[in-house]
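Under the working numbering, the first residue of the sequence shown carries the number 67, and numbering increases by one thereafter.
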Amino acid sequence: MLIGGSIGVVLLLLFVSYTKVKPTIKDLGVASTKIKKGKVIAPDVAKYQEEYKNLEVRIEELKQEIENSRTRLFWKKDISVFLEKLTYIAEALSVDFISIKPSLEPSPVMSEWAGEDQSAVMVKSSVNIKMRTGYKELIDFLGRIESSDKYLRIDEINIVSNTKDMLKRDITISLSLFSAE
67 MLIGGSIGVV LLLLFVSYTK VKPTIKDLGV ASTKIKKGKV IAPDVAKYQE EYKNLEVRIE
127 ELKQEIENSR TRLFWKKDIS VFLEKLTYIA EALSVDFISI KPSLEPSPVM SEWAGEDQSA
187 VMVKSSVNIK MRTGYKELID FLGRIESSDK YLRIDEINIV SNTKDMLKRD ITISLSLFSA
247 E
């Protein structure tokens, strides 16, 4: 019984080694032959070179996007220039400004990808404009503001009827200007 069990175990080990080890030995023999013939087995170098070139192109595209974004952000001097342009636009469209109030304390805008760093990506400055004008002039005024090449957002517009002049409305506009400083 003991001899029969031992023979069974030996046969089982021979079977396992034959089925598992022989293919590996065969693969090593093929690899050895290819190495001797100069056909070295290496990763697909051309594939990795192509992937590297594609990544370099993508990096350049991202650099260009960053540069374009920087030119679209306001800088401190741009905000005052923008406010001056608003007055020129208003004069050209017969819009009566009552007041323009820029915020004294800009708020930082955090990146959603910043993670734990939480460094500000840009700064948001609010500007409140009170004016009196008609609907047509308001539409033209808003169109000129939104066609700006800088990052800005119209947050809120309130329109109230003017009891003194039926053709004009009292309008309050809240803008957000995004700057790099």
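Positions of the beta carbon are idealized from the N, C-alpha and C atoms, including for glycine.
Item                                                                                                                    : Value
Rounded C-alpha distance that separates Glu191 from Lys151                                                              : A small fix is needed here, since residue 191 is Ser in this sequence, not Glu. Distance between the alpha carbons of Ser191 and Lys151 is about 17 angstroms.
Own chain partners of Asn194 with C-beta closer than 6 angstroms, once the 5 adjacent residues on each side are dropped : Lys167 and Ser240
Residue span of the beta strand (DSSP E) that contains Asp231, given as start and end                                   : Note, Asp231: premise wrong, no beta strand (DSSP E); not H, not E.
Residue range of the unbroken beta strand (DSSP E) whose run includes Lys167                                            : Asp162 to Pro168
Ser173 to Arg124 span [Cα, whole Å]                                                                                     : 32 angstroms
Residue range of the alpha helix (DSSP H) that includes Asp206                                                          : Tyr201 to Glu212
Beta-carbon gap between Asn228 and Arg198 smaller than 8 angstroms                                                      : yes
Nearest neighbour of Lys216, chosen from Ser242, Asp236 and Ile164 [CA to CA]                                           : Ser242
Reference Lys196, options Asp162, Leu170 and Leu208, closest by Cα                                                      : Asp162
Helix, strand or coil at Leu159 [DSSP, three-state]                                                                     : coil
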